[in-house]
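So the number in the working numbering is just where the residue sits in the sequence shown, counting from 1, plus 471. Positions of the beta carbon are idealized from the N, C-alpha and C atoms, including for glycine.
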Amino acid sequence: MSLLDALREYLGLTGTKKGCDQGACGACTVLVDGRRINACLALAVQYQGREITTIEGVDHPLQEAFVRTDGFQCGYCTPGQICSAIGMLAEHKEGAPSAATEHLADTGGELDETEIRERMSGNLCRCGAYNGIVSAIKEVAK
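Rendered as structure tokens:
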């Protein structure tokens, strides 16, 4: 059984959404020990005893920033976007480069729009609220 199905069907944590069920859309993104994963691709048994954070357990400035910057429209992808952004900000803080990082040794600098879009490319928004999502992340990353 996938972690996504266990969260939704057995624990009643329905904030994490099932989108493609193939790991392509990011709607099911959760945090495991602070790292973002696609819950639809993970077997629940692999994460027994680990710290799993779903949108229901999040209290983060990104949530208010999403509201201020119109970082959502229908809201379906928002839980995954927020969990992914929290994980992405932690990765950046730890110095992990992305495909858009110009100088790999120059990590931890300010996140620009290109860097944010690359780091969040695994999370799709069918409504096209990307500008608001990027604005929210930039606001919190400062």
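Run the CB neighbour count on C499, radius 10 Å, all protein chains shown included, and call it buried at 16 or more, exposed below.
As a working mapping, residue 499 is identified with position 28 in the sequence shown. When all chains shown are included, C499 counts as buried.
Cutting at 6 Å between CB atoms, please list the residues of its own chain near D492, excluding the five before and the five after it.
Walking along the sequence shown from the start, residue 492 turns up at place 21. Hits under 6 Å: C511.
How many angstroms separate the CA atom of S555 from the CA atom of Y481?
Translated into the one-based positions of the sequence shown, residue 555 becomes position 84. Translated into the one-based positions of the sequence shown, residue 481 becomes position 10. Answer to the nearest angstrom: the Cα atoms are 23 Å apart.
Just verifying my parser: in three-state terms, what is the DSSP assignment at V503?
To locate residue 503, count along the sequence shown from 1; it is residue 32. Reduced to three states, the DSSP call for V503 is strand.
Is L474 helix, strand or coil by DSSP?
Indexing the sequence shown from 1 puts residue 474 at position 3. Reduced to three states, the DSSP call for L474 is helix.
For A567 and R479, what's the separation of their Cα atoms in angstroms?
On the sequence shown, residue 567 is found 96 positions in, with the first residue counted as 1. On the sequence shown, residue 479 is found 8 positions in, with the first residue counted as 1. The alpha-carbon atoms of A567 and R479 are separated by roughly 31 Å.
DSSP has L514 in a bridge; who is on the other side?
Translated into the one-based positions of the sequence shown, residue 514 becomes position 43. DSSP output for L514 lists S473 as bridge partner(s).
By Cβ distance, which residues of its chain are closer than 6 Å to L502, with the 5 residues on each side in sequence left out?
In the sequence shown, the residue the question calls residue 502 occupies position 31. Counting only Cβ-Cβ distances below 6 Å, and skipping sequence neighbours, we find T524, C554 and G558.
Check the DSSP bridge columns for I508 and list the partner residues they point to.
Along the sequence shown, read from residue 1 onward, the residue named residue 508 stands at position 37. In DSSP, I508 forms a bridge with V501.
T524 by DSSP, collapsed to three states: which one?
Within the sequence shown, numbered from 1, the residue matching residue 524 stands at position 53. It is a strand residue.
For M591, is the classification buried or exposed, using 16 other Cβ atoms within 10 angstroms of its Cβ as the cut-off for buried?
Against the sequence shown, residue 591 aligns to sequence position 120. It counts as buried.
With contact counted as at least three CB pairs below 8 Å, one residue from each stretch, are the stretch 513–527 and the stretch 585–603 in contact?
Between the stretch 513–527 and the stretch 585–603, the count of C-beta pairs closer than 8 Å stays below three; the two stretches do not touch.
Whole-angstrom distance between E565 and M472, CA atom to CA atom
For this step, residue 472 is matched to residue 1 along the sequence shown. For this step, residue 565 is matched to residue 94 along the sequence shown. M472 and E565: Cα-Cα distance of roughly 32 Å.
Is the Cβ-Cβ distance between S569 and E584 less than 8 Å?
To locate residue 569, count along the sequence shown from 1; it is residue 98. To locate residue 584, count along the sequence shown from 1; it is residue 113. Taking 8 Å as the Cβ cut-off, S569 and E584 do not qualify as a contacting pair.
I need the boundaries of the alpha helix (DSSP H) containing C554, first residue and last residue.
Translated into the one-based positions of the sequence shown, residue 554 becomes position 83. T549 to K564 is the span of the alpha helix (DSSP H), which, as asked, contains C554.
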